[in-house]
Amino acid sequence: MEKQYSVLRLLLAFFLLYMAWPYIQVQGEQVASYFWLGWLVFFLFVVGANLADLLRISRQPALEEERKLKKRQQSV
Numbered sequence: 006m007e008k009q010y011s012v013l014r015l016l017l018a019f020f021l022l023y024m025a026w027p028y029i030q031v032q033g034e035q036v037a038s039y040f041w042l043g044w045l046v047f048f049l050f051v052v053g054a055n056l057a058d059l060l061r062i063s064r065q066p067a068l069e070e071e072r073k074l075k076k077r078q079q080s081v
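First residue of the sequence shown: 6, per this note's numbering; consecutive thereafter.
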């Protein structure tokens, strides 16, 4: 079920990019360029986070990593 939500969020993000793409102006005011740059960076963050969620790419908390390291050292 969680993967379905990630796919839906990706589809929504790409749909919003599809709708906004014709309005992105390369030539225009500097403020507008900063807005679109910020919007595209946010889009990349959303896509990256959802892809990481789909592919199960995440780091374990530091405390949990320390526990696993201690267990490995004790077992050797």
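Just so it is clear, CB atoms sit at the ideal spot from N, CA and C, and this is done for glycine as well.
Reference residue i; option with closest CA among the options
i, options, result
"Y23", "A57, W44 and Q78", "W44"
"Y10", "F48, F40, A37 and D58", "D58"
"L15", "F40, F48 and V31", "F48"
"I62", "K75, S38, G53 and Y28", "G53"
"A18", "S38, V36, V46 and M6", "V46"
"L21", "K76, W41, E71 and M6", "W41"
"V12", "W26, V51, P27 and K76", "V51"
Span of the alpha helix (DSSP H) around residue i
i, result
"Q9", "E7 to A25"
"G53", "Q35 to L59"
Close-in-space but distant-in-sequence residues of the same chain around residue i (CB under 7 Å, 5 per side omitted)
i, result
"K8", "L59"
Own chain partners of residue i with C-beta closer than 6 Å, once the 5 adjacent residues on each side are dropped
i, result
"E34", "none"
"W26", "none"
"N55", "S11, R14 and L15"
Reduced DSSP category for residue i - H, G, I as helix; E, B as strand; rest coil
i, result
"Q79", "helix"
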